[in-house]
Amino acid sequence: MPYSVSEVYGIKNTAGNRYQGTKRLYSQFYRIYESEIESITKPELAIVEDSNAGYEFFCAICRDSGIKCISANGKSNIYEKVKKCKERTILVIADGAAFGSEMEKE
Numbered sequence: 048m049p050y051s052v053s054e055v056y057g058i059k060n061t062a063g064n065r066y067q068g069t070k071r072l073y074s075q076f077y078r079i080y081e082s083e084i085e086s087i088t089k090p091e092l093a094i095v096e097d098s099n100a101g102y103e104f105f106c107a108i109c110r111d112s113g114i115k116c117i118s119a120n121g122k123s124n125i126y127e128k129v130k131k132c133k134e135r136t137i138l139v140i141a142d143g144a145a146f147g148s149e150m151e152k153e
């Protein structure tokens, strides 16, 4: 099931004993993956999730910037493509609305 990277949450439970003999739980949601960009470095390689129009678009931009660009041919292939790359700085371009299920891979 595809889901957004920005919609992956953890749940914390805290107990409150407001009523005698009962235990009431309160849940608190917090984001697991935050999107913070500390610094931007020109990548040696760009891996694009898409293999159609999105790939063509980013490939043209990368070509103009002197960056090698390849397609992952789908979100499920991104992890393996990154693992096999020899480049040290890699930019991954993926649809964040469906990439959440891929975030746990090591």
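Just so you know, we're using our numbering here: the sequence shown kicks off at 48 and counts up by one.
In this text, a Cβ means the ideal position worked out from N, Cα and C, and glycines have one as well.
Review point. Quick one, which of K89, R78 and E96 has its alpha-carbon nearest F127's?
Key: The residue labelled residue 127 in the question sits at position 80 within the sequence shown. Here residue 127 is Glu; the residue named in the question, Phe, does not match the sequence. The residue with the shortest Cα to Cα distance from E127 is E96.
Review point. Using CA coordinates, which residue listed in T136, I140 and A141 is at the minimum distance from K89?
Key: Translated into positions along the sequence shown, residue 89 becomes position 42. K89 has its Cα closest to that of T136, out of T136, I140 and A141.
**Study point:** 8 Å CB neighbourhood of C132 in its chain, flanking five on each side removed
**Key:** To locate residue 132, count along the sequence shown from 1; it is residue 85. Cβ contact annotation for C132 (same chain, cutoff 8 Å, sequence separation greater than five): L92 and I94, in chain order.
Check your understanding: Is the beta carbon of G121 sitting closer than 9 Å to the one on S98?
Key -> By one-based count along the sequence shown, residue 121 stands at place 74. By one-based count along the sequence shown, residue 98 stands at place 51. Yes. Within cutoff.
Check your understanding: Quick one: what does DSSP say C106 is sitting in, helix, strand or coil?
Key -> Taking the first residue of the sequence shown as 1, we reach residue 106 at position 59. For C106, the three-state secondary structure derived from DSSP is helix.
Review point. Taking DSSP as the reference, what is the three-state secondary structure of I117?
Key: Locating residue 117 in the sequence shown gives position 70, where the first residue counts as 1. Three-state DSSP puts I117 in a strand.
**Study point:** Residues that I140 bridges to, as DSSP identifies them
**Key:** Reading the sequence shown from its first residue, position 93 is the one you call residue 140. I140 is bridged by DSSP to V95.
Point to revise | alpha helix (DSSP H) segment containing E127, residue limits | key: For the purposes of this step, residue 127 is identified with residue 80 of the sequence shown, where counting begins at 1. Counting along the chain, the alpha helix (DSSP H) containing E127 begins and ends at I125 to K131.
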